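For reference, the structure discussed in these notes is given below.
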Amino acid sequence: MQLGSSRAWCVAAIKECRHQWQAKIIRASIAQLGFHRDTLLPNLLVAMYGKMGDLASACAIFQTIHARNVVSWTIMAAAFAANARFRDAVLCFRWMELGGVRPDKHAFTTIVEACTDGALGQYGMEIQARIIEAGLESDVFVGTAIVHMHGKLERIDRAIAAFGWIKERNVVSWTAMISAFANTGHYKEALELLKSMDLEGSSISSAETVVSALVFALGKCGHVDRARRSFERLEAMNLVSRTAMMAAYAQNGHHREALQLFWELDLDGIKHDAVSFVSVLEASSSLQMAKSFHSRILASGIRVSVITGTALVTTYRKCGALGLARSTFDGIAGKSILCWNTMISAYAQHGHAMEALKLFNALKQAGERPNSITFVSAIAACGHVGRLDDAVYNLSSMIADYRITPSSEHLGCMIDLLGRAGRLEEAERMVDKISPDDAAERIMQWKALLAACKVHGDFKRGGRVARRLLELDPGSDAPYVLLFNLYVDKKDNPG
1 MQLGSSRAWC VAAIKECRHQ WQAKIIRASI AQLGFHRDTL LPNLLVAMYG KMGDLASACA
61 IFQTIHARNV VSWTIMAAAF AANARFRDAV LCFRWMELGG VRPDKHAFTT IVEACTDGAL
121 GQYGMEIQAR IIEAGLESDV FVGTAIVHMH GKLERIDRAI AAFGWIKERN VVSWTAMISA
181 FANTGHYKEA LELLKSMDLE GSSISSAETV VSALVFALGK CGHVDRARRS FERLEAMNLV
241 SRTAMMAAYA QNGHHREALQ LFWELDLDGI KHDAVSFVSV LEASSSLQMA KSFHSRILAS
301 GIRVSVITGT ALVTTYRKCG ALGLARSTFD GIAGKSILCW NTMISAYAQH GHAMEALKLF
361 NALKQAGERP NSITFVSAIA ACGHVGRLDD AVYNLSSMIA DYRITPSSEH LGCMIDLLGR
421 AGRLEEAERM VDKISPDDAA ERIMQWKALL AACKVHGDFK RGGRVARRLL ELDPGSDAPY
481 VLLFNLYVDK KDNPG
């Protein structure tokens with residue numbers, strides 16, 4: 001690295017920095033030249049370290065900035081958010097306000113993006129109310145961030161409302177709404193919106209970031225061919241766009257194509273970043289491949305951050321390598337709830353129920369707030385080891401302490417556990433709690449309860465359950481078969 005002595009050289013060097021050794025040289029040069037006393041270069045250093053995943057260095061530099069302005073605070077919050085440290089991003093925003101610095105539209109945009117974490121959804125709503133009060137909801141950048149937040153939190157009605165507030169939509173805002181539909185399984189609406197986008201004259205831009213977002217959204221919708229056509233319209237297919245296409249392939253089971261794109265980046269001499277490794281890990285189908293990519297991440301100088309670490313844990317879980325998954329998990333600093341959930345579910349899915357429950361308790365002791373997915377794994381783990389009382393406690397705690405409404409998955413785990421324990425009356429009441437809109441789940445759980453009635457010889461309840469099943473699924477033979485078996489057992493065991 002050729003050293004310079006001007007502020008312009010420092011700015012250019014920070015923008016080009018990719019490795020820790022380069023960062024150390026730049027940081028030392030800035031201090032030696034006396035530029036560390038201003039605000040511009042330290043702000044850029046914080047952003048640089050945030051992108052590299054080195055939050056310790058980012059925080060250390062941030063602490064040295066004497067005249068922190070709204071830009072300084074926003075960059076620090078963005079660094080936390082980019083590394084999945086969403087709570088720290090929110091705390092940063094709050095400290096900024098306590099220090100008398102008023103947020104601008106860029107600060108609001110950053111903190112809304114941080115509130116895509118489920119545990120911060122309510123705070124996101126509070127920030128949204130303040131944005132509306134400030135009259136910024138129609139701004140394309142702020143409005144797009146709100147759409148993105150609600151899309152990530154699967155609040156599709158609120159995403160639609162926020163999209164309607166934006167006065168002058170650009171391709172990014174359209175793509176955010178398409179992504180929101182895709183993320184919530186509204187694939188038809190996503191494609192209809194894509195047509196509307198064309199009709200309004202918001203043609204797909206050739207800008208790499210916009211096309212990349214669209215490629216990712218189309219991939220989520222399962223339209224790989226359409227994603228590829230959008231991708232191929234780019235004149236220069238660089239890291240961001242190729243990574244989006246890689247993700248679209250991987251999410252739809254086109255693992256060979258995803259791996260091919262990854263190798264093409266190597267052949268073209270383009271250096272991988274954390275996101276490209278996350279995408280290719282999803283396409284990894286063997287333990288040997290997962291270990292190879294893990295080694296490459298370390299060799300590339302990329303820190304195993306929350307995002308890359310969680311992807312590695314997910315891949316090792318998929319391969320059944322729980323030891324490697326756990327050692328990777330233990331090495332991740334500032335674990336997100338997604339990271340905790342991934343490791344807990346890995347144990348639960350592979351029959352290590354006690355380890356799953358220990359980790360669930362460790363999560364709470366660490367001050368993390370479990371979400372709906374966490375409780376699914378915890379209740380399922382209780383079921384694997386027959387700890388009914390613990391399952392009941394966890395379900396009650398989920399509702400009372402964390403204000404989480406039980407989903408069909410939670411209820412299904414409990415119905416299975418109650419049925420096996422012979423507590424059929426409670427199981428029957430729980431089946432009735434499943435939403436009438438979820439007909440398939442109700443049918444499946446009534447069948448499970450009817451089978452439990454057979455196991456425990458509850459003839460009277462079995463007849464009632466069979467009638468409910470026939471009402472819901474009149475064309476099915478299953479209720480007749482299960483009821484016939486129940487009658488046979490009653491005849492063979494009249495007592």
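Just so it is clear: in the sequence shown, position 249 is 249 by the UniProt record's numbering, and no numbers are missing.
Idealized CB from N, CA, C, for every residue including glycine.
Treat the numbers as computed from the prediction; the structure is a model and nothing was measured.
Inset, instruction - Determine the burial state of Trp174: buried for a count of at least 16 other Cβ atoms within 10 Å of its Cβ, exposed for fewer. - result: Buried.
Inset, instruction - Please list the segments of the alpha helix (DSSP H) lying wholly inside the segment 33-86, counting only runs of 4 or more residues, in order along the chain. - result: Counting only runs of at least 4 residues, the segment 33-86 fully encloses the following alpha helix (DSSP H) elements, listed from N- to C-terminal order: 40-52, 55-64 and 70-82.
Legend entry - Residue range of the alpha helix (DSSP H) that includes Ala299: Leu287 to Ala299
Inset, instruction - Work out the CA separation of Thr315 and Met1 for me, nearest whole Å. - result: Confidence is the limiting factor: at Met1 the pLDDT is only 48, short of 50, which leaves the residue's position unreliable, though a coordinate-based value still follows. Between Met1 and Thr315, the alpha-carbon positions lie close to 36 Å from each other.
Legend entry - Whole-angstrom distance between Val101 and Ile337, CA atom to CA atom: 30 Å
Inset, instruction - Decide if Gln260 is buried, meaning its Cβ has at least 16 other Cβ atoms within 10 Å, or exposed. - result: exposed
Inset, instruction - With DSSP as the reference, label Asn170 as helix, strand or coil. - result: Here Asn170 carries a coil assignment [DSSP, helix/strand/coil].
Legend entry - Cβ-based burial, Glu428 [other Cβ within 10 Å; buried from 16]: buried
Legend entry - Contact between the segment 114-122 and the segment 138-153 (3+ Cβ pairs under 8 Å): Yes: the two stretches touch, three or more of their Cβ pairs being nearer than 8 Å.
Inset, instruction - May I ask you to report which of helix, strand or coil DSSP gives Leu312? - result: The three-state reading of DSSP puts Leu312 in helix, counting H, G and I together.
Inset, instruction - Sort Asp157, Ala290, Glu168 and Met246 by Cα distance to Glu137 and report the nearest one. - result: Glu168
Legend entry - Beta-carbon proximity check, Ser377 vs Ile404, cutoff 8 Å: The answer is no: Cβ separation not under 8 Å.
Legend entry - Three-state secondary structure assigned by DSSP to Lys195: In the displayed model, Lys195 falls within a helix according to three-state DSSP.
Inset, instruction - Give the DSSP-derived three-state secondary structure of Arg468 in the structure shown. - result: helix
Inset, instruction - Go ahead and pull the three-state DSSP assignment for residue 496. - result: The structure shown does not extend to residue 496, since the chain spans only 1 to 495, so no value can be given for it.
Legend entry - Contact check, Phe163 vs Ile131, beta carbons under 8 Å: no
Inset, instruction - Would you decide whether Trp21 is buried or exposed? Buried here means 16 or more other CB atoms lie within 10 Å of its CB. - result: exposed
Legend entry - Contact the segment 306-322 vs the segment 341-352: 3+ CB pairs below 8 Å: yes
Inset, instruction - With a threshold of 16 other CB atoms inside 10 Å of the CB of Met237, please say whether the residue is buried or exposed. - result: Of the residues assessed, Met237 falls on the buried side of the cut-off, its CB having 16 or more other CB atoms within 10 angstroms.
Inset, instruction - Just tell me which of Gly383, Ser397 and Val392 has its CA closest to the CA of Lys364. - result: Ser397
Legend entry - Identity of the residue in Ala283, Ala213 and Ala159 nearest Ala258 by Cα: Ala283
Legend entry - Sequence-distant residues of the same chain with beta carbon closer than 6 Å to Ala325, five excluded per side: Here the set comprises Val313, Tyr316, Arg317 and Ala346.
Legend entry - Pair within 8 Å by beta-carbon distance, Ser292 and His272: no
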